[in-house]
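Participant: Numbering (the working numbering), first residue to last: 1 to 154. For glycine and all other residues, C-beta sits at the position ideal for the given N, C-alpha and C. Bear in mind that the values here come from a model prediction, so they are computed numbers and not experimental data.
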């Protein structure tokens, strides 16, 4: 359920998406408000789930994770139990950054980040292939990232 946000809430969210280390005082000064309403609005959006969490965005290449793969997964069994079981199992693998249940020829799209092709091969053979019910795996490798943002247009 969407929460109604006014222009001040949206401005706060835009600032936090750009730099969540801004202080409430800095946001208040930017918006020509006192600190109390900024603090209260942030708490309201946290409590309402609009703000899910605060994280550091890591440059994956600088920590040795140079390979990004997008993996289409087709399952053999499409029952609710089988779908839930697959999702539960992929949660166990930190290499899988994202898992999307999709429409089209495949059932799921995974975003996987690893060191290199050898590490990806090991991941597929030793981890992904051990998940029951996988019918087909099709991998595509990212040659370069042309846009990468975590900010949602509000």
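Would residue 120 be called buried (16 or more neighbouring beta carbons within 10 Å of its own) or exposed?
Facilitator: Indexing the chain shown from 1 puts residue 120 at position 120. Residue 120 comes out buried.
Participant: In whole angstroms, what is the alpha-carbon distance linking residue 92 and residue 125?
Facilitator: In the chain shown, the residue the question calls residue 92 occupies position 92. In the chain shown, the residue the question calls residue 125 occupies position 125. Rounded to whole angstroms, residue 92 to residue 125 spans 16 Å at the Cα level.
Participant: Apart from the five residues on each side of it in sequence, which residues of its chain come closer than 6 Å, Cβ to Cβ, to residue 98?
Facilitator: Along the chain shown, one-based indexing puts residue 98 at 98. Contacts found: 111.
Participant: Under a Cβ-count criterion, where at least 16 other Cβ atoms within 10 Å of its own Cβ denotes burial, should residue 96 be classed as buried or exposed?
Facilitator: Here the question's residue 96 lines up with position 96 in the chain shown. Buried, by the Cβ-count rule.
Participant: Should residue 113 be labelled buried (16 or more other beta-carbon atoms within 10 Å of its own) or exposed?
Facilitator: As a first step, residue 113 must be located in the chain shown, where it is residue number 113. Buried, by the Cβ-count rule.
Participant: Compute the distance between the beta-carbons of residue 71 and residue 139, then report whether it is under 8 Å.
Facilitator: In the chain shown, the residue the question calls residue 71 occupies position 71. In the chain shown, the residue the question calls residue 139 occupies position 139. When the beta-carbon positions are compared, residue 71 and residue 139 come within less than 8 Å of each other.
Participant: Just to confirm the assignment, what range does the alpha helix (DSSP H) spanning residue 69 have?
Facilitator: If you number the chain shown from 1, residue 69 lands on position 69. Per DSSP, residue 69 belongs to no alpha helix (DSSP H); it is in the beta strand (DSSP E), 67–75.
Participant: Using beta-carbon positions only, say whether residue 38 and residue 45 come within less than 8 Å of one another.
Facilitator: Here the question's residue 38 lines up with position 38 in the chain shown. Here the question's residue 45 lines up with position 45 in the chain shown. For residue 38 and residue 45, no; Cβs fall outside 8 Å.
Participant: Let me know the secondary structure DSSP gives residue 144 once reduced to three states.
Facilitator: As a first step, residue 144 must be located in the chain shown, where it is residue number 144. Residue 144: coil per DSSP, three-state reduction.
Participant: With a threshold of 8 Å between beta carbons, is residue 127 in contact with chain C?
Facilitator: Looking for chain C here will not work: only one protein chain is present.
Participant: Can you have a look at residue 146 and say buried or exposed, based on whether 16 or more other CB atoms are within 10 angstroms of its CB?
Facilitator: Position 146 of the chain shown holds residue 146. It is exposed - the Cβ of residue 146 has fewer than 16 other Cβ atoms within 10 Å.
Participant: Between which residues of its own chain and residue 73 is the CB-CB distance below 7 Å, once the five residues before and five after are set aside?
Facilitator: Counting from 1 along the chain shown, the entry for residue 73 is found at position 73. So the qualifying residues of the chain are 106, 107, 108, 110, 134 and 137.
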